[in-house]
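Chemist: Protein chains in written order, with the working numbering: chain A, 4 to 233; chain B, 4 to 233. Ideal Cβ positions, reconstructed from N, Cα and C, are used throughout, including at glycine. Let me begin by handing over the structure; questions about it come next.
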DNA sequence: GTCTATACACAGATAGAC
DNA sequence: GTCTATCTGTGTATAGAC
């Protein structure tokens with residue numbers, strides 16, 4: 004699997020950015036006051052793009068509603084018919100981001116049985132997804148801590164869930180004898196750290212013209228050298 | 004080297020949190036309106052502790068001066084005799100943090116010659132320092148992007164500098180035949196990612212009772228399995 | 001050196017015209 | 001559905017008493 008093939012895979016499974024906006028619309032129909040789906044989805048996309056852009060530069064809490072109005076090209080009043088407070092906007096984006104990651108990893112995970120290929124597939128899928136939706140990933144990482152207690156718990160569960168996906172593969176591979184005996188939690192954490200590096204320091208790799216395929220292959224080599232049984 | 008020995012090492016080289024505050028005082032004497040060193044250093048420590056605590060919970064830009072006043076136990080007026088704006092406070096903390104990291108890594112780097120032991124020493128020193136000054140590291144990572152262009156450049160240079168320390172060791176080790184032929188920049192980036200993981204997800208390891216010594220040893224094992232020539 | 005009181009700007013959010 | 005105008009609370013920063 005490389006990045007290009009992964010994009011095709013995402014399209015086939017209705018996991019584009021546009022369908023993410025459609026999900027946001029359907030899951031928040033009580034608060035979104037717009038009736039026409041097409042209008043709502045189109046504007047939600049404009050809003051999200053603007054949020055990601057501004058937040059990348061100054062963070063969500065420093066972003067003012069007037070900033071968002073200018074960047075999205077919509078008026079203050081119009082914005083407030085898509086969410087009822089700035090805080091709710093934050094929650095909506097984070098919740099949808101988490102469910103997107105979970106869905107995709109689940110899909111990929113079910114496509115493989117053998118531990119080594121499953122491990123590689125899951126690592127690559129996460130990297131490729133973070134490349135495709137990099138502003139979303141960056142946003143989730145940087146803004147998750149600014150949530151209220153309840154929403155914060157949702158994020159924590161997601162963190163543990165993606166970790167557990169890796170841990171389970173490592174455990175199973177150890178039993179089958181394909182993978183070395185190791186501390187599963189520490190290995191999984193380190194793998195997650197390598198994945199995070201990609202979307203947190205995207206600018207560095209862009210500047211050095213390192214592609215996501217090159218980075219992914221290097222991570223896999225690194226992980227293999229430590230995990231594979233001899 | 005373990006964490007306890009590293010703390011002794013820091014004390015011997017005047018790299019405590021208190022001396023960091025003293026440096027802040029001496030390097031900003033034009034803007035700090037307090038004359039008595041002892042008073043200034045004591046209050047700067049209170050201010051920094053309060054900034055780190057509040058910022059960890061809600062981020063720097065969401066921290067109000069009133070929050071800082073309450074948490075530090077100093078009045079608004081008093082705070083403004085230690086820095087002339089909230090933005091300047093941010094700059095001061097980031098600049099001092101960067102110079103602390105640079106100094107310590109330089110010190111440790113000069114104590115070793117042989118590539119493998121030098122690599123391990125530098126990796127561990129960074130991890131141990133981030134453990135000792137974890138709020139400072141967390142703050143630097145999360146708030147660096149909210150700087151103006153000039154200050155932002157300082158941070159970038161620091162990022163490249165710490166990366167270069169590792170790259171140089173890898174190159175030298177390759178020449179001497181101790182380390183494998185590899186992409187030095189990618190390996191260094193991945194090592195940095197593992198170091199970041201420790202201070203960014205400190206709560207996770209605290210909850211699981213994983214100590215910095217355990218984490219450091221695991222990182223070293225991981226790196227050795229990939230880097231050492233056979 | 002530190003405090004309280006306050007200036008003044010700007011934030012989030014809403015009402016009501018179109 | 002979207003706009004403009006505006007309310008009201010809260011932000012940073014300062015002035016001047018102690």
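1) For chain A, find out if any of its Cβ atoms is closer than 8 angstroms to the Cβ of residue 192/B; answer yes or no.
2) Can a CB atom of chain B be found closer than 8 angstroms to the CB of residue 229/A?
3) For residue 124/B and residue 138/B, I'd like the C-alpha separation in whole angstroms.
4) Out of 169/B, 198/B, 196/B and 197/B, which one is the CA nearest neighbour of residue 185/B?
5) According to the Cβ coordinates, are residue 62/A and residue 145/A closer than 8 angstroms?
6) So within the stretch 10-88 of chain B, which uninterrupted alpha helix (DSSP H) runs reach at least 4 residues, ignoring any that extend past its ends?
7) Report the neighbours of residue 239/A on chain B: residues whose CB is nearer than 8 angstroms to its CB, in chain order.
8) In chain A, which residues lie less than 8 angstroms from residue 149/B when you measure between Cβ atoms?
9) Within the 8 angstroms Cβ cut-off, does residue 26/A reach chain B?
10) Roughly how many whole angstroms lie between the Cα atoms of residue 77/B and residue 32/B?
11) Cβ of residue 140/B less than 8 angstroms from any chain A Cβ?
12) So which residues of chain B does residue 186/A contact, with C-beta pairs closer than 8 angstroms?
13) Is the CB-CB distance between residue 82/B and residue 50/B below 8 angstroms?
14) Could you tell me if residue 95/A is buried or exposed, where buried requires 16 or more neighbouring beta carbons within 10 angstroms of its beta carbon?
15) Can you tell me which of the three DSSP states residue 231/B falls into?
16) Just checking, does the stretch 104-111 of chain B make contact with the stretch 63-72 of chain B on the three C-beta pairs under 8 angstroms criterion?
17) Since residue 126/A and residue 222/A are thought to touch, with beta carbons under 8 angstroms apart, how far apart are those beta carbons, to the nearest angstrom?
18) Sort 201/A, 86/A, 5/A and 193/A by Cα distance to residue 207/B and report the nearest one.
19) To the nearest angstrom, how far is it from the Cα of residue 262/A to the Cα of residue 122/A?
20) Can you tell which of 98/A, 214/A, 201/A and 41/A has its C-alpha closest to the C-alpha of residue 7/A?
21) If we count the other Cβ atoms within 10 Å of its Cβ and call it buried at 16 or more, is residue 163/B buried or exposed?
22) Helix, strand or coil for residue 182/A, going by three-state DSSP, please let me know.
23) By alpha-carbon positions, which one of 29/A, 120/A and 105/A ends up nearest to residue 140/A?
24) Could you name the residues of chain A that residue 211/B contacts, counting a contact when the two beta carbons are closer than 9 angstroms?
25) DSSP state of residue 234/A, grouped into three classes?
26) Give me the Cα-Cα distance between residue 68/B and residue 89/B, rounded to the nearest whole angstrom.
27) Tell me where the alpha helix (DSSP H) around residue 200/A begins and ends.
28) Please state if the CB of residue 71/A and the CB of residue 57/A are separated by a distance shorter than 8 angstroms.
29) What separation, rounded to the nearest whole angstrom, lies between the Cα atoms of residue 177/A and residue 209/A?
30) Output yes if chain B places a C-beta closer than 8 angstroms to the C-beta of residue 53/A; else output no.
31) Does DSSP classify residue 116/A as helix, strand or coil?
32) Measuring alpha carbon to alpha carbon, tell me which residue in 38/B, 30/B and 23/B is nearest residue 52/B.
33) Look at the alpha carbon of residue 4/B and the alpha carbon of residue 202/B, and state the distance between them as a whole number of angstroms.
34) Taking 7 angstroms as the limit between beta carbons, can you name the residues of its chain near residue 191/A, skipping five residues before and five after?
35) Skipping 5 residues on each side, what residues in its chain have a beta carbon closer than 6 angstroms to that of residue 119/B?
Modeler: According to the structure data:
1) yes
2) Judged by the 8 angstroms Cβ criterion, residue 229/A is in contact with chain B.
3) Cα to Cα, residue 124/B sits roughly 22 angstroms from residue 138/B.
4) 169/B
5) yes
6) 20-30, 40-61, 68-75 and 79-82
7) No information on residue 239/A is available, as it lies outside the stretch 4 to 233 that chain A covers here.
8) 61, 62 and 65
9) no
10) 20 angstroms
11) By the rule that beta-carbons nearer than 8 angstroms mark a contact, residue 140/B does not touch chain A.
12) 221
13) yes
14) So residue 95/A ends up on the buried side.
15) strand
16) Verdict: no, contact absent.
17) 6 angstroms
18) 193/A
19) Here chain A has residues from 4 to 233 only, and residue 262/A is not among them.
20) Comparing C-alpha distances from residue 7/A to each of 98/A, 214/A, 201/A and 41/A shows the shortest one belongs to 214/A.
21) Result: exposed.
22) strand
23) 105/A
24) 188
25) Within the shown structure, residues of chain A are numbered from 4 to 233, placing residue 234/A beyond reach of any answer.
26) Approximately 8 angstroms, taken between the alpha carbons.
27) From DSSP, the alpha helix (DSSP H) with residue 200/A extends over 187-203.
28) yes
29) Roughly 37 angstroms between the two C-alpha positions.
30) no
31) Here DSSP, grouped into helix, strand and coil, assigns residue 116/A to coil.
32) 23/B
33) 19 angstroms
34) 166, 169, 170 and 173
35) 181
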